[in-house]
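One structure is given here, and the rest of the page talks about it.
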Amino acid sequence: MPYPVACIFFPVRFGRVPKREKAKILAAMQKVNANSQQKALCVELEDDNRLLTTIIKAHEETCDYTRDKVAPLIERSRTQPVYAHCPPQMACPLNPLPQHVIENGGTNRILEDFSERFSPAIRGVVEFAKRIPGFGMLSQDDQVTLLKAGVFEVLLVRLACMFDSHSNSMICLNGLVLRREALHSASNARFLLDSMFDFAERLNALRLTDQEIGLFCAVVVIAGDYEPLIALLGKYPLSQCTQRGSREWK
Numbered sequence: 001m002p003y004p005v006a007c008i009f010f011p012v013r014f015g016r017v018p019k020r021e022k023a024k025i026l027a028a029m030q031k032v033n034a035n036s037q038q039k040a041l042c043v044e045l046e047d048d049n050r051l052l053t054t055i056i057k058a059h060e061e062t063c064d065y066t067r068d069k070v071a072p073l074i075e076r077s078r079t080q081p082v083y084a085h086c087p088p089q090m091a092c093p094l095n096p097l098p099q100h101v102i103e104n105g106g107t108n109r110i111l112e113d114f115s116e117r118f119s120p121a122i123r124g125v126v127e128f129a130k131r132i133p134g135f136g137m138l139s140q141d142d143q144v145t146l147l148k149a150g151v152f153e154v155l156l157v158r159l160a161c162m163f164d165s166h167s168n169s170m171i172c173l174n175g176l177v178l179r180r181e182a183l184h185s186a187s188n189a190r191f192l193l194d195s196m197f198d199f200a201e202r203l204n205a206l207r208l209t210d211q212e213i214g215l216f217c218a219v220v221v222i223a224g225d226y227e228p229l230i231a232l233l234g235k236y237p238l239s240q241c242t243q244r245g246s247r248e249w250k
């Protein structure tokens, strides 16, 4: 005997959730998740000293450009400098190559050397960001967004100690010394280098310690979107440095 039409469609209709009810359920779930995440974040950040110690340790272990690590490189650049050759087409002044490498290796060698020098530095910044307390609680998309916006900035902050405004020169990632005037004034690399020198000179004038630079890098990574950490850093002397620096950079 065939089933009535109503009986056939009743289970299907019963299994459906009206759009309005579905929206309420999703909103409630999101609220619960947000509250849970907020509580977890509060627990993560409740110990001020632990937070700062964690950030400083992360910076020291992921940065190859702390003062003690670059001291031998700086000393060698002063006593036995090897100056970089700057071809007109050079786009990035951070990693120029010696003339004989350019002549013998060609484009492939330049790209390989660029990757060898920059990949570890970039990985260090990413690892540092991941070790900032609470960063891992952000969604994957938010983490990627912050990293895309902050990797170069953090790298530049870390490399500021390699710039010498008195001699108008910088130590490149490969140890070569690059004179500022070695680049053609109309080139894109010269424009970038001038901007980097200006930034490094202002940052170095603050005379931040490695510990303060680590905390500053954490602020750069979160880019003002991580309010609990910003509020916490406001309690410490570093905030005076960052505020003064912000005024100078505007």
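Per the UniProt record's numbering, residue 1 is the first one in the sequence shown, and the count goes up by one each step. For glycine and all other residues, C-beta sits at the position ideal for the given N, C-alpha and C.
Given a threshold of 16 other Cβ atoms within 10 Å of its Cβ, counted over all protein chains shown, does residue 221 qualify as buried or as exposed? buried
For residue 169 and residue 177, believed in contact at Cβ under 8 Å, the rounded distance: 5 Å
Can you name the start and end residues of the alpha helix (DSSP H) that residue 165 belongs to? It is not in any alpha helix (DSSP H) - residue 165 carries neither H nor E in the DSSP assignment.
Measure the C-alpha to C-alpha separation of residue 102 and residue 77 and round it to an integer number of angstroms. Residue confidence for residue 102 is low, a pLDDT of 49 falling below 50, so the modelled location carries little weight; the figure read from the coordinates is stated next. Approximately 21 Å between the Cα atoms of the pair.
What first and last residue would you give for the alpha helix (DSSP H) that runs through residue 179? First-last for residue 179: 177-179, but that is the beta strand (DSSP E), not the alpha helix (DSSP H).
When you compare the segment 55-67 with the segment 210-217, are there three or more beta-carbon pairs, one atom per stretch, that lie closer than 8 Å? yes
With DSSP as the reference, identify every bridge partner of residue 170, one or two as the case may be. DSSP, once it has assigned bridges, lists 163, 178 as partnering residue 170.
Please list, in chain order, all residues of the same chain as residue 55 whose beta carbon is under 7 Å from its beta carbon, the five residues on each side excluded. 132, 214, 215, 218
Check the C-beta distance from residue 205 over to residue 155 and give it rounded, since I have them as a contact under 8 Å. Residue 155 and residue 205 do not touch by the CB rule: their CB atoms are close to 20 Å apart, not below 8 Å.
Below 7 Å CB to CB, which residues in the same chain sit around residue 180 once its five sequence neighbours on both sides are set aside? 168, 169, 193, 197
Mind checking residue 160: buried by the 16 CB within 10 Å criterion, or exposed? buried
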